[in-house]
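Peer 1: Quick note on my numbering: the sequence shown kicks off at 433 and runs consecutively.
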Amino acid sequence: MHGSMMNYPLTLARILEHAHRIHGDKGVTACSSGSPEPKHRYTYAEFYCRVRRLANVLVQLGIRPGDRVATYAANTYQHLELYYAIPCIGAVLHPLNVRLAAAQLAEIVREAEDKLIFVDGRFASRFEGLQKEIGCLPSIFFRGSGSPEQASDSDEYEALIAAADETDAWDIRDENWAMGLCYTSGTSGEPRGVLYTHRSMFLHTMAVNQADVFGFTEADVVMPFVPMFHAMAWGVPYAALFAGADLVLPGGAKPARIAHLIAETGVTVAAGVPAVWGQAYPELRSRAQDSASLRQIIVGGEAMPPRLIEAYEQELGVEVRHAWGMTEMSPTGTLSMLRRAHQNLSEAEKWKVKAMQGRPVPGVEIRLAEVTGLQTAPTVSADSSSAELPWDGETIGELQVRSPWTVSRYYKTEPTAEHFTADGWLRTGDIATINAEGYVQIVDRAKALIRSGGESISSVALETALMAHPQVLNAAVLGVPDEKWGERPVAVVVCEPDEAEIKPAQLKARLAKQFPKFWIPDRFIFVDEIPQTGVGKSDKREIRKRVLELS
Ligand code: AMP
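1. Under DSSP, the beta strand (DSSP E) around Ser992 begins and ends at which residues?
2. If I follow the unbroken beta strand (DSSP E) through Gln979, where does it start and stop?
3. For Asp971, verify whether its CB is less than 7 Å away from any heavy atom of ligand 1.
4. Quick check: does the Cβ of Glu781 come within less than 7 Å of any heavy atom belonging to ligand 1?
5. Please tell me whether, using a cut-off of 7 Å, the distance from the CB of His511 to the nearest non-hydrogen atom of ligand 1 is below it.
6. Below 7 Å, is the gap between the Cβ of His692 and the nearest heavy atom of ligand 1?
7. Do Thr629 and Gly667 have their C-beta atoms within less than 8 Å of each other?
8. Using C-beta distances below 8 Å, list every residue in its chain close to Asp597, excluding the 5 sequence neighbours before and after it, in chain order.
9. Hey, is Thr759 close to ligand 1, as in C-beta under 7 Å from one of its heavy atoms?
10. Go through its chain and collect everything with a Cβ distance to Arg799's Cβ below 6 Å, but skip five positions before and after it.
11. When you measure from the CB of Trp756 to every non-hydrogen atom of ligand 1, does any distance come out below 7 Å?
12. Could you give the residue range of the beta strand (DSSP E) that holds Val705?
13. Around the C-beta of Tyr440, are 16 or more other C-beta atoms found within 10 angstroms, so that it is buried, or is it exposed?
14. Measuring only the C-alpha atoms, how far is Glu830 from Asn867?
15. Which residues does DSSP list as the beta-bridge partners of Gly829?
16. Give the list of continuous alpha helix (DSSP H) stretches no shorter than 4 residues that lie fully inside the region 537–612.
17. With a CB to CB cut of under 7 Å and the five nearest residues on each side skipped, what residues in its chain are close to Ala814?
18. Could you tell me which uninterrupted alpha helix (DSSP H) segments, each at least 4 residues in length, are contained entirely in the region 925–979, listed from first to last along the chain?
19. Can you give the beta carbon distance from Thr503 to Phe550, rounded, assuming they're within the 8 Å contact cut?
20. Consult DSSP for Thr443 and reduce its assignment to one of helix, strand or coil.
21. Give the list of continuous beta strand (DSSP E) stretches no shorter than 3 residues that lie fully inside the region 730–757.
22. Under 8 Å, with one C-beta from each stretch per pair, do the region 931–942 and the region 761–776 reach the 3-pair mark?
23. Taking 7 Å as the cut-off, does the CB of Thr896 come closer than this to any heavy atom belonging to ligand 1?
24. Quick one: is Arg624 buried, meaning 16 or more other Cβ sit within 10 Å of its Cβ, or exposed?
25. On the CB-based measure, 16 or more other CB atoms within 10 Å of its CB, does Met433 come out buried or exposed?
26. Can you find the residues in the same chain that come closer than 7 Å, C-beta to C-beta, to Ile495, ignoring five residues on each side of it along the sequence?
27. Run the proximity test for Glu931: is its beta-carbon closer than 7 Å to any non-hydrogen atom belonging to ligand 1?
28. Hey, how far is the Cα of Trp823 from the Cα of Val872?
29. Closer than 7 Å: is that where the CB of Thr616 sits relative to any heavy atom of ligand 1?
30. Say yes only if the C-beta of Gly494 is nearer than 7 Å to one or more non-hydrogen atoms of ligand 1, and no if none qualify.
31. Between Lys879 and Leu910, what straight-line distance do the alpha-carbon atoms span, to the nearest angstrom?
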């Protein structure tokens, strides 16, 4: 028997309408990367009017429900307007990673069959490279900084908005309609498309707004430093508006400017990958008074080193919420917070808990499946549904997940056994343990696990241990082919500037205290920086290429 409650479609238009009606006096502050540019601030009421006009622009340009509309932009207010206007007319928002090479991006645009692309003027020259690859895709440019009043007559975006009317153009027929398309960041494989629905994004928004997840409140000023082309900026642009928090959009600002942005805008919560927080830390420490409003950072995309967690929590008094997720999960899956039961732990033990990837967000189910095989990339047994492993904090297996905001198949493909189990769970490709309290600890990516003499070596565990050394700023460990052992680990290390030189023997001795002898890297290569992917994670493919060139 069906219940008698309203069948109320969960669509993004509801988030926008709520922000307008209930929080119309709150708003957006958009910053520019170049300091001479003024900030632009406007209310959600004004934002709402512009989104309605933009929706009408899209309709007039012939965009129909289901059409993919791409963006090629930094975190600007125009990008935020597109985040709402495109899905609210039933079309599909497709943010492109501006840091990808033109040829790689062209393949993505071709597969997505984007009809139109909105381009942030600051990337005009980079965009030319993409246009050459894809032929002439219709494009509309906007000025990625300043306010609409400062726009010149040649600003196409502003001219279209000024000429449009504000009538209702929302056209979403049901909550399962597609709203967004993001490609995985391709850290360890080719990018794959994930097509979100209104329902999945709405539920993800509700989930992250819980107190023990991102927990945004009306009193917050939220800054997504995570780019808006990375996994829907982790849902922050939807969650912040639904909560009625103010939003600060940093444009293309560098992490070193975070302290400055916080001082100017009173940011209370900011989200970004660990590399961002590593780079922002010195400035935040030296301007601690100015950035006192910052109470919490949300970090994910890669493991946050415990030393950095400790530095933020203890030295800056900023709470670190360490999350694990995937583009495939909209992207939030788990989050590490201390439980009441942890209150009496020592400080060091608390950082260890926080450095884990944490417990599933309510609504997400997790399980561990057996990892089999002795080859370089371990396989997970095909019948993994029957091989669930214990949550004892020790048994290592592949992490599998399901939730209302997890993908059920990749864009334009049928579900394959490589990515989905027979009973419909997503195979994350992450190798992990889960402890009795439900905390996930990612040990490695399946493809990054080093296989030496038939045994596994966790590159993540070695990296974490190396980064715990006070003189090490960053580290990456990878397996290189070895005639005798199959693979051997090599460590690439970035030292803290101005610190005394570290000797490989010192690092080896340190690792030997924690790991078996065969885990200790044969070589330590000291470099000035570790190459990063387009979303700020260590680029293992590029590091491998460089290490092999040096061999
Ligand atoms: P993507 O969706 O392409 O950005 O990458 C998702 C992958 O990033 C996951 O499958 C993990 O391997 C990795 N990842 C995300 N968050 C974390 C985290 N907190 N710790 C370790 N790895 C993470």
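Note that beta-carbon positions come from the ideal geometry of N, C-alpha and C, so glycine has one too. The structure presented is a predicted model; accordingly, all values stated were derived computationally and were not measured.
Peer 2: Looking at the coordinates:
1. Here the chain covers residues 433 to 983 and nothing more, so residue 992 does not appear.
2. Note that residue 979 corresponds to Val in the displayed sequence, not to Gln. From DSSP, Val979 is part of no beta strand (DSSP E) but of the alpha helix (DSSP H) over 972–982.
3. no
4. no
5. no
6. no
7. no
8. Arg485, Asn488
9. yes
10. Taken in chain order, the residues that qualify are Glu820, Gln832.
11. Checking the Cβ of Trp756 against ligand 1 gives yes.
12. Looking at the DSSP string, Val705 is not in any beta strand (DSSP E), and its letter there is neither H nor E.
13. Looking at its Cβ environment, which holds fewer than 16 other Cβ atoms inside 10 Å, Tyr440 is exposed.
14. 14 Å
15. Ala864
16. 556–566, 588–595
17. At Ala814, the pLDDT of 49 sits below 50, so the modelled position is not reliable and the matter cannot be decided from this model.
18. 936–944
19. 5 Å
20. coil
21. 751–757
22. no
23. no
24. Buried is the call here.
25. Exposed: under 16 other Cβ atoms inside 10 Å.
26. Val501, Ile521, Ala523, Lys547, Leu548
27. no
28. Between Trp823 and Val872, the C-alpha separation is close to 9 Å.
29. yes
30. Result no, Cβ not under 7 Å from ligand 1.
31. 11 Å
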